[in-house]
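Chemist: Residue numbers for the sequence shown follow full-length UniProt numbering, beginning at 1 and rising by one.
Have a look at this one before I ask anything.
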Amino acid sequence: MNHEGESSWNVAKDVGCSQSAVSKVWTKYKQHGKVLKGKHTSRSRKTSKRQDKKFKAICLENRKCTAKQMGRNWRNGIKYRKAKQKPSPKQNKTRLQWAKEKQLWTVDYWMKVVFSDESAAFGQVMMVELSVGAVSMIFMKMTA
């Protein structure tokens with residue numbers, strides 16, 4: 001509009017802003033050839049994203065904790081961790097069954113266990129080898 005020789009007052013009236021805003025935009029355009037917003041500088045971060053995540057975990061761990069207590073925990077380097085998952089009822093049942101089977105085993109009997117392996121991988125073979133006297137017993141079971 002200002003190329004056409006209109007005053008900044010008329011342009012401001014047409015656009016609906018102040019005359020000073022129009023003149024500032026026009027001078028920027030004359031200097032740089034385009035009108036861009038300058039980069040806004042913001043306050044520098046005091047904590048990293050990792051620290052923010054840790055602080056959030058501290059806050060969520062005890063929701064009734066006051067800001068003062070949270071700050072103290074942060075300064076003292078309180079460690080946080082996710083609670084370990086409890087065994088499922090099925091796992092508890094199989095563990096109990098295994099314990100009942102082995103309940104009457106003596107220390108001498110346990111000393112004769114040569115090799116025991118429990119694999120968590122699917123499709124692997126779990127093998128337990130027992131040497132009882134001259135007889136060697138091997139138990140094999142597919143893990144699921």
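Even for Gly, the Cβ is constructed at its ideal location relative to N, Cα and C.
Predicted, not measured: the structure shown is a model, and the values here were computed from it.
By alpha-carbon positions, which one of K64, K84, C59 ends up nearest to W74?
Modeler: With distances taken between Cα atoms, W74 lies closest to C59.
Chemist: Is V25 closer than 8 Å to V35 when the C-beta atoms are compared?
Modeler: yes
Chemist: Ignore the nearest five residues each way along the sequence and tell me which others in S8's own chain have a CB closer than 6 Å to its CB.
Modeler: Q19, V22, S23
Chemist: Indicate whether P87 and R95 have their beta-carbon atoms separated by less than 8 Å.
Modeler: Yes, the pair counts as a contact, with Cβ atoms nearer than the cut-off.
Chemist: List the residues that DSSP assigns as beta-bridge partners of V15.
Modeler: DSSP lists no partner for V15.
Chemist: Please list the terminal residues of the continuous alpha helix (DSSP H) segment that includes G71.
Modeler: DSSP places G71 inside the alpha helix (DSSP H), whose first and last residues are 67-75.
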